[in-house]
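Asker:
There are 2 protein chains.
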Amino acid sequence: MLSHNQIKLIRSLKQKKYRQQHGLFVVEGLKSIVEFVNAAYVIKYLFTIDSSFAKQHEGVAVTEKQLSQISYLKSPNKALAVFQIPKPKDIDFSKLIVALDDIGDPGNLGTIIRLCDWFGVQDLLCSHHTADCYNEKVVQASMGSLSRVNVSYVDLPDFLQAYPHPILGTFMDGATVYNTELPEKALVVMGNEGNGISAAVEALVTSKISIPQFGLQQPTESLNVATATAIMLNEFRRHAY
Amino acid sequence: MLSHNQIKLIRSLKQKKYRQQHGLFVVEGLKSIVEFVNAAYVIKYLFTIDSSFAKQHEGVAVTEKQLSQISYLKSPNKALAVFQIPKPKDIDFSKLIVALDDIGDPGNLGTIIRLCDWFGVQDLLCSHHTADCYNEKVVQASMGSLSRVNVSYVDLPDFLQAYPHPILGTFMDGATVYNTELPEKALVVMGNEGNGISAAVEALVTSKISIPQFGLQQPTESLNVATATAIMLNEFRRHAY
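Protein chains in written order, with our numbering: chain A, 1 to 241; chain B, 242 to 482.
1) Put B:THR447 into one of helix, strand or coil per three-state DSSP.
2) I'd like to confirm something about A:VAL27: is its beta-carbon nearer than 8 angstroms to some heavy atom of the ligand NAP, or not?
3) Can you tell me whether B:ASP396 is buried or exposed? The criterion is at least 16 other CB atoms within 10 Å of its CB, across all chains shown.
4) Relative to the C-alpha of A:VAL189, which residue among A:GLN213, A:HIS4, A:THR176 and A:ALA228 is closest?
5) For A:SER145, does the count of other Cβ atoms within 10 angstroms reach 16, so buried, or fall short, so exposed?
6) Against chain A, which members of the segment 359-377 of chain B pass a CB distance test of less than 7 angstroms?
7) CA-CA distance, B:ALA471 and B:ARG389?
8) Pick out whichever of A:GLY104, A:MET143, A:ASP90 and A:ASP105 has its Cα sitting closest to the Cα of A:CYS116.
9) I need the DSSP call for B:LEU457, collapsed to helix, strand or coil.
10) Between B:VAL323 and B:LYS285, how many whole angstroms is the CB-CB distance? I'm expecting something under 8 angstroms.
11) For chain B, is any of its Cβ atoms less than 9 angstroms away from the one on A:LEU30?
12) Assess contact between the segment 445-459 of chain B and the segment 88-105 of chain A, defined as three or more Cβ pairs (one per stretch) separated by less than 8 angstroms. Is contact present?
13) Which residue wins for smallest C-alpha separation from B:SER262, given the options B:SER253, B:GLU269, B:LYS319 and B:ASN349?
14) Consider the Cβ of A:THR227: report whether some Cβ of chain B lies at a distance smaller than 9 angstroms.
15) Note the first and the last residue of the continuous beta strand (DSSP E) segment covering B:VAL339.
16) Distance, Cα to Cα, A:VAL62 vs A:LEU2?
17) Express the C-alpha separation of B:GLY415 and B:ASP331 in angstroms, rounding to a whole number.
18) Taking DSSP as the reference, what is the three-state secondary structure of B:ILE251?
19) Should the segment 123-139 of chain A be regarded as contacting the segment 161-171 of chain A, the criterion being three or more beta carbon pairs within less than 8 angstroms?
20) Since B:VAL288 and B:ILE274 are thought to touch, with beta carbons under 8 angstroms apart, how far apart are those beta carbons, to the nearest angstrom?
21) Under 9 angstroms between beta-carbons, which chain B residues line up against A:ILE91? List them in chain order, please.
22) Taking just the CA atoms, how far does A:GLU193 sit from B:VAL392?
23) Taking only beta-carbon atoms, is A:GLU58 less than 9 angstroms away from chain B?
24) Give a yes or no on whether the C-beta atoms belonging to A:ASN195 and A:ASP102 are separated by under 9 angstroms.
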């Protein structure tokens, strides 16, 4: 019930070029799979050791050994599904948008997707050098939230040049976010883990902001980009609460 | 210059029982080591491939091969130091205290230590089932911040029973943090990744708070505990800003 070609396909989907070639990605775990199904993602294959789950979602019941042959996890969850990568939806310019300028770590990207979901940010823009949101580590870290956030990969400077509302960027030396106007129609850029926001993007930022530091650290220390995003999104939302 | 017994000791320090037996822990990386030195931690051994760094800190110059024999990292950094575990300092009841009720993931604990450092929280209390702050993954994730935060392991319910100021706990169904009074003399409890705050601790919480959710997720979804801590600490600090 699990063919050699299916095993080969699923293993190949660990690589971005094969995900893009086939237009497919992998989700593991009953809970996450249900969230993608509920969000109307098109399921291509479903393999599970839970026979009632297989029945319910028209999947294939497999043994634990078979599941471990295709799972990307050390301890496989109860199910693995292959979904079609959807076309990104149109970006809604009337709402808060988050943009990522070369976020490299899949765990950070997954956490940021989860934060967008929590704070009701519909559109997440990623520069082309940002990690791929269909990377299995991103899918895992986003815990199903990827199914509800519209992630688009764009040429970030090009996009920002045409964007009509305020562009806020987080910098070490920006004005404190506590005293900054945070409009509802705006875009907030978060920079790369090591290098921050690139010069090309910085030139297009209309307002430089920062999160005040209260401890005794060296000024070169910074917050992790995912925790900084958590604080920024909370600031935007509490403002309108 | 690197004895068999030293190799054996350093390898043993991966385990909590040997860290406790010897009162020692390992820090890797030039930058982090300097931060612990600057914070007056007592250095027991220093091994480095950087001979000027070895000279400066009275360490031992080793080869890359020797360093890879003792390093806990896949790609060893330029130096590894063994420090003495300090005695926790007295807890300052007049300032904001963060308490962790069984945080299991070392990465989460490291990120929370880094957040305490950023937001100037001096005292971090950990329940006995919280991950060990001298675990190498915690030390790595805290990026030197562990040298500036006073981490104490306590019987959390016992401690809270005697604590004289408000005890705030984060719950899914608490009052929104935006409308809650956040006193400067207070303690905020963050709960376990899967189970939240335990019943014994919940009974001692004087104010249940939560971070409002703006997206469309299921009510069972939650924020990652490290991002939730980021938001809570920012709320406390912006309040007094």
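Ideal Cβ placement from N, Cα and C applies to all residues, glycine included. Quick caveat: nothing in here was measured; it's all calculated off a predicted structure.
Answerer: In terms of the structure at hand:
1) coil
2) Summarising the ligand content, the structure contains no ligands, and the ligand NAP is consequently not present.
3) exposed
4) A:ALA228
5) buried
6) TRP359, PHE360 and GLY361
7) 17 angstroms
8) A:MET143
9) coil
10) 5 angstroms
11) no
12) no
13) Just to set this straight, residue 262 of chain B is Gln in the shown sequence, not Ser. Out of B:SER253, B:GLU269, B:LYS319 and B:ASN349, B:SER253 has the C-alpha closest to the C-alpha of B:GLN262.
14) yes
15) 338-342
16) 8 angstroms
17) 31 angstroms
18) helix
19) no
20) Val is not the amino acid found at residue 288 of chain B; the sequence shown has Phe there. Contact flag wrong, Cβ pair sits at about 10 angstroms.
21) Near A:ILE91 there are no residues of chain B at all, since even the closest Cβ is about 17 angstroms away, more than 9 angstroms.
22) 26 angstroms
23) no
24) yes
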